[in-house]
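In the order they appear, the protein sequences are chains A and B. First residue of the first sequence? That's 6 in the working numbering, and the numbers climb one at a time after it. First residue of the second sequence? That's 376 in the working numbering, and the numbers climb one at a time after it.
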Amino acid sequence: MISRLANPTRFMRASGAVLPVLAGVTPLMLLVGLYLALIVAPPDYQQGESVRIMFVHVPAAIMAEGVYDFVALASFIALVWRHPLADIGAQAAAPLGAAFTLVCLVTGSLWGRPMWGTWWVWDARLTSVLVLFFLYLGYIALANAFDDPGRGSRAASVLALIGVVDLPIIKFSVNWWNTLHQPASILRAGGPTIDKSMLVPLMVMALGCLLLFATLLLLRMRTALNERRVRALQLSAVPPPPADASPVLR
Amino acid sequence: MSDFRQWAAMGGYAAFVWPAYGVAVAILGVVAGQSWWRYRASRRALGRLQGGSRLRP
């Protein structure tokens, strides 16, 4: 199915059908998530109401890593199979991943101040997420750094693949090193240690963020394909130079 | 204190909870808005070119 959709014309048709549905469901899911997070969920017995920051911080963190998985996988496909949509997908996703990572960093800082007594600390978890943010920025800069878009996207794809080493470091940083950040409480051996009353709002918010990513990804991929088509039409519309204007090379 | 004001005070953490939500909405909102604006611009540009080429034989 993926290889069938991975044709720009088919992609435009399929995404054109899916996009209105996604654009309708996403705001609903996010609104329900915000309602659950800000009103329904109980305050934490230790952290009080400040725990509500978790409902943006954790989904943003999940997306920060998940979008990077997507960028790296698409970059791999672009490098190995030279698939035209893979490059477009990776480049459409990278700014979204950078945005989620920035949200994760800022909300984490705003949570750390009252709970840890500091806005920032150079511990393993925080530093490895900051590195992820710079990986995104590097990818975006590299993809746009060359006049020849093909060279830019190849260089960026290589960077994306090298950056994959940061993902397990982020995930396991809280186990490998003694960090200020708490260890995993959702995806851990032995099941989640977080109560249902908080897990449900968290999952709804995470799903809302995933839907937001899917919506914006399709929108940005369609934009890239439109812009590519515009460039092709503009090039074909340029009249050929008159014969006597071409340099004589003999 | 009214229920709303008590809720808005976030148990004394209002100065951290609301900026966290505000920043998240602002960052994601800017990215979503930019994506949508650029999509519309690309559709308009494509429509102009394709409309123009249809006029010419």
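Beta carbons: idealized from backbone N, C-alpha and C, even for Gly.
Express the C-alpha separation of residue j and residue i in angstroms, rounding to a whole number.
i               : j               : result
R415 of chain B : P119 of chain A : 42 Å
S417 of chain B : F218 of chain A : 20 Å
L230 of chain A : V405 of chain B : 22 Å
W86 of chain A  : G168 of chain A : 20 Å
A407 of chain B : V30 of chain A  : 15 Å
P188 of chain A : G117 of chain A : 15 Å
A395 of chain B : I82 of chain A  : 36 Å
R233 of chain A : M203 of chain A : 45 Å
V126 of chain A : V108 of chain A : 17 Å
V179 of chain A : R130 of chain A : 6 Å
V45 of chain A  : V72 of chain A  : 29 Å
L430 of chain B : V392 of chain B : With a pLDDT of only 48 at L430 of chain B, under 50, the local geometry of the prediction cannot be trusted, and no value is derived from it.
Y40 of chain A  : V136 of chain A : 32 Å
L35 of chain A  : L240 of chain A : 42 Å
L223 of chain A : T198 of chain A : 35 Å
Tell me residue i's beta-bridge partners as DSSP assigns them.
i              : result
G53 of chain A : A:D49
Given residue i, which residues of its chain have a CB within under 8 Å of its CB, disregarding the five upstream and five downstream residues?
i              : result
M17 of chain A : R227, L230
For residue i, name the three-state secondary structure that DSSP assigns.
i               : result
Y414 of chain B : helix
R431 of chain B : Bear in mind that a pLDDT of 46 at R431 of chain B, under 50, signals an unreliable position, so the model cannot answer this.
G122 of chain A : coil
T112 of chain A : helix
L240 of chain A : helix
I191 of chain A : coil
S377 of chain B : coil
I167 of chain A : helix
I199 of chain A : coil
Given residue i, which residues of its chain have a CB within under 7 Å of its CB, disregarding the five upstream and five downstream residues?
i               : result
A148 of chain A : Q96, G157, S158, A161
Got a sec? Which residues, its chain only, sit under 6 Å from residue i by beta carbon, not counting five neighbours each side?
i               : result
I67 of chain A  : A211
Y144 of chain A : A99, A161, L164, A165
Selection of the stretch 89 to 112 of chain A by Cβ proximity to chain B, strictly under 7 Å: P100, L101, A104, L107, V108, V111, T112
Contact list for the stretch 396 to 412 of chain B against chain A, Cβ threshold 7 Å: Y396, V398, A399, I402, L403, V406, A407, S410, W411
Within 7 Å of chain B by C-beta, residues of the stretch 43 to 61 of chain A in sequence order: P48, G53, E54, S55, R57, I58, V61
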